[in-house]
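Peer 1: Got a structure here, written out as structure tokens. Questions coming.
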Amino acid sequence: MPVSTIKIHESDRPWMNTNLKQLISRRQKAFTSGNNPLCKILRNKVNQACKRCRKSYYVNKVKGLRDSKPCDWWREVKQICDASKIPKWDLTSLLHPNLVCDKESLAENINSVFVNIMNDYLPLSDCIRVEMADDRPISVTEHSVARKLLELNASRASGPDNLPNWVLNNFAYILAAPIADILNTSFLECKVPDAWKLANVCPLPKASSICNINEDLRPISLTPTLSEVAESFIIDIALKPVLL
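In terms of the UniProt record's numbering, the sequence shown opens at residue 1 and continues consecutively.
Written out as structure tokens, the structure is:
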């Protein structure tokens with residue numbers, strides 16, 4: 001088989017092909033040479049070819065994903081519409097001049113505001129626990145833990161424990177036993193591992209201009225996945241039977 005060399009660019013749309021690139025190159029040459037009549041003809045051909053390529057790519061590659069894999073379908077649609085790149089914003093550019101400071105001081109100010117909500121909260125005391133004769137701690141099985149891990153979204157970002165979801169998902173049957181032991185011990189002792197209490201907190205603006213950190217910012221927290229797994233068991237086993 002003869003070797004064929006194809007040049008691609010990182011900004012090329014997924015539906016771009018060699019014939020369309022050659023047609024675009026001819027249009028550009030006609031434009032730079034000042035041949036306006038030929039340039040207009042080639043411009044129309046390029047526009048028509050782009051529409052055909054986009055339609056063909058959608059029908060052959062994307063349309064079938066709408067029902068089977070909606071997430072992949074939406075990602076491909078955004079690529080076709082050139083909307084896949086998320087613009088980056090700088091929090092400091094939205095600050096009111098009175099709030100401008102160095103990044104370390106800004107981070108401390110934001111942290112202080114976000115933790116103020118806990119000032120009026122006190123840790124629960126053991127004396128308020130009411131033990132019943134038939135009171136049993138929540139218990140999970142290795143099979144139920146594996147099922148929870150298999151339901152995880154592998155593409156979701158990891159929390160402060162830096163344990164990727166794809167690891168928990170791909171090795172669910174191997175990790176199910178030790179995780180089940182950790183969960184059962186946590187439920188039995190009524191204690192949460194310290195690592196599960198951490199969170200990566202990102203401040204998101206609620207307004208186009210930040211004049212008051214307490215009012216114009218809201219925290220978005222990314223917690224460890226295993227803490228969410230533990231929480232889901234508490235909801236399924238303890239809360240739902242009582243509330244429903």
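Built from N, CA and C at the ideal position, the CB exists for glycine as well.
With a threshold of 6 Å on Cβ separation, who are the neighbours of Trp15 within its own chain once the five nearest residues in sequence on each side are excluded?
Peer 2: Cys53, Arg54 and Tyr57
Peer 1: Just to confirm the assignment: which complete beta strand (DSSP E) runs, minimum length 3, are found wholly within the segment 59-128?
Peer 2: none
Peer 1: Starting from Leu217, trace the beta strand (DSSP E) in both directions and tell me its first and last residue.
Peer 2: Leu217 to Leu222
Peer 1: Helix or strand or just coil, what does DSSP make of Cys50?
Peer 2: Looking at Cys50 - three-state DSSP - the assignment turns out to be helix.
Peer 1: Should the segment 173-180 be regarded as contacting the segment 144-162, the criterion being three or more beta carbon pairs within less than 8 Å?
Peer 2: yes
Peer 1: Val167 to Ala199, Cα distance in whole Å?
Peer 2: 19 Å
Peer 1: Between which two residues does the alpha helix (DSSP H) carrying Pro178 extend?
Peer 2: Ala172 to Glu189
Peer 1: Classify Arg156 as buried or exposed, calling it buried when 16 or more other Cβ atoms lie within 10 Å of its own Cβ.
Peer 2: Label assigned to Arg156: exposed.
Peer 1: Quick one: what's got a C-beta closer than 6 Å to Asp72's C-beta in the same chain, skipping five residues either side?
Peer 2: Leu65
Peer 1: Would the segment 161-176 count as touching the segment 237-244 if we require 3 or more Cβ pairs under 8 Å?
Peer 2: Put simply, the segment 161-176 does not touch the segment 237-244. Fewer than three CB pairs are less than 8 Å apart.
Peer 1: State buried or exposed for Ser105, treating a residue as buried only when at least 16 other CB atoms are found within 10 Å of its CB.
Peer 2: exposed
Peer 1: Reducing DSSP to helix, strand and coil, say where Pro241 ends up.
Peer 2: helix
Peer 1: Pop quiz: Ala230 and Ser186 are said to be a contact at Cβ under 8 Å. What is the actual Cβ separation, rounded to whole angstroms?
Peer 2: 7 Å
Peer 1: Assuming the contact rule is C-beta atoms closer than 8 Å, Leu20 and Cys39 should be a hit. Round their C-beta distance to whole Å, please.
Peer 2: In fact, because the Cβ distance is near 17 Å, the residues do not count as touching under 8 Å.
Peer 1: To the nearest angstrom, how far is it from the Cα of Leu95 to the Cα of Val115?
Peer 2: Looking at the two C-alpha atoms, the distance is approximately 20 Å.
Peer 1: Can you name the residues that DSSP bridges to Pro205?
Peer 2: Leu217
Peer 1: Under 6 Å Cβ to Cβ from Val201, same chain only, skipping five residues before and after it: list those, please.
Peer 2: Pro219 and Ser221
Peer 1: Going by DSSP, which residues form a beta bridge with Ile210?
Peer 2: Leu95
Peer 1: Please state if the CB of Val113 and the CB of Ile213 are separated by a distance shorter than 8 Å.
Peer 2: yes
Peer 1: Which residues mark the beginning and the end of the alpha helix (DSSP H) in which Glu151 is found?
Peer 2: No alpha helix (DSSP H) contains Glu151, which DSSP labels as neither H nor E.
Peer 1: According to DSSP, which residues form a beta bridge with Asn200?
Peer 2: Leu222
Peer 1: Under a three-way DSSP split, which group does His143 fall into?
Peer 2: helix
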